[in-house]
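In my numbering, the protein residues as written are 5 to 199.
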């Protein structure tokens, strides 16, 4: 019977370890991809595809006309904010208001007289806009496409956020556009917001 020398045992052991490690790496890579696909499918089935899977017709920071911005806002998913000719899209885990504040942080915002936004700010974003424009004497007019009744805060706290914006000097109006299917409902909501 043939015996295996110590050197051969070390070599065989090394090969076995290499094969096992390779299999573990392949297994890990396969399941990482599978888990990402499953998570994406879960988000799609719940109607909440994150921004990474939503192609945008134009990128945040793109310049366009108000008519083009309205077209992008009302024919695409996600929230679009438009100010001074520039588009700001919502991102994964960041609302459009937060993206706008981050991108304009080092700019002079005193000349922003008007903001158009597809979905009304949630209560947290309303507070962030109030804080951001705190030192600006003339608060911008905010044109809102539709009232957001989604998962970010409850409907009553979101309404309170809008009311606080009004008290702090923001003028809230409906974003009128042929593509805005929620125009009448938004107008009525804003008309009766203080009731």
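C-beta atoms are modelled at their ideal positions from N, C-alpha and C, and glycine is treated no differently.
Treat the numbers as computed from the prediction; the structure is a model and nothing was measured.
*Where does residue 117 fall in DSSP's three states?*
What you label residue 117 is simply residue 113 of the chain shown in a count that begins at 1. Note: residue 117 maps to coil in three-state DSSP.
_C-beta contact flag for residue 78 and residue 92 at 7 Å_ = Taking the chain shown and counting its residues from 1, one reaches residue 78 at position 74. Taking the chain shown and counting its residues from 1, one reaches residue 92 at position 88. No, these two residues do not count as a Cβ contact at 7 Å.
_alpha helix (DSSP H) segment containing residue 97, residue limits_ = For the purposes of this step, residue 97 is identified with residue 93 of the chain shown, where counting begins at 1. Unbroken run through residue 97: none, as it is neither H nor E.
*residue 67 bridges to which residues according to DSSP?*
Along the chain shown, one-based indexing puts residue 67 at 63. Per DSSP, 90.
_Looking at the strands, I want to know which residues DSSP matches up with residue 145._
As a working mapping, residue 145 is identified with position 141 in the chain shown. BP columns for residue 145 point to 118 and 175.
*Leaving out five residues on either side along the sequence, give the residues of the same chain with a beta carbon under 7 Å from the beta carbon of residue 183.*
Here the question's residue 183 lines up with position 179 in the chain shown. Here residue 183 has 74, 75, 78 and 79 as same chain residues with Cβ atoms under 7 Å from its own Cβ, once five neighbours each way along the sequence are excluded.
*Option in 177, 139, 17 and 172 with minimal Cα separation from residue 120*: Position 116 of the chain shown, counted from the start, is the residue given in the question as residue 120. Taking residue 120 as reference, the option from 177, 139, 17 and 172 with the minimal CA-CA separation is 177.
*Which residue comes first and which comes last in the alpha helix (DSSP H) that contains residue 128?*
For this step, residue 128 is matched to residue 124 along the chain shown. Taken as a continuous stretch (DSSP letters only), the alpha helix (DSSP H) holding residue 128 covers 127-136.
*Output yes or no for whether 7 Å exceeds the beta carbon distance between residue 174 and residue 140.*
Indexing the chain shown from 1 puts residue 174 at position 170. Indexing the chain shown from 1 puts residue 140 at position 136. For residue 174 and residue 140, no; Cβs fall outside 7 Å.
*asked:* Looking only at its chain, what residues have a beta carbon closer than 6 Å to the beta carbon of residue 118, apart from the 5 residues adjacent to it on each side?
replied: The sequence position of residue 118 within the chain shown is 114, counting from 1. Within the same chain, residue 118 has close Cβ partners 144 and 145.
*Below 8 Å CB to CB, which residues in the same chain sit around residue 113 once its five sequence neighbours on both sides are set aside?*
For the purposes of this step, residue 113 is identified with residue 109 of the chain shown, where counting begins at 1. 136, 137 and 140.
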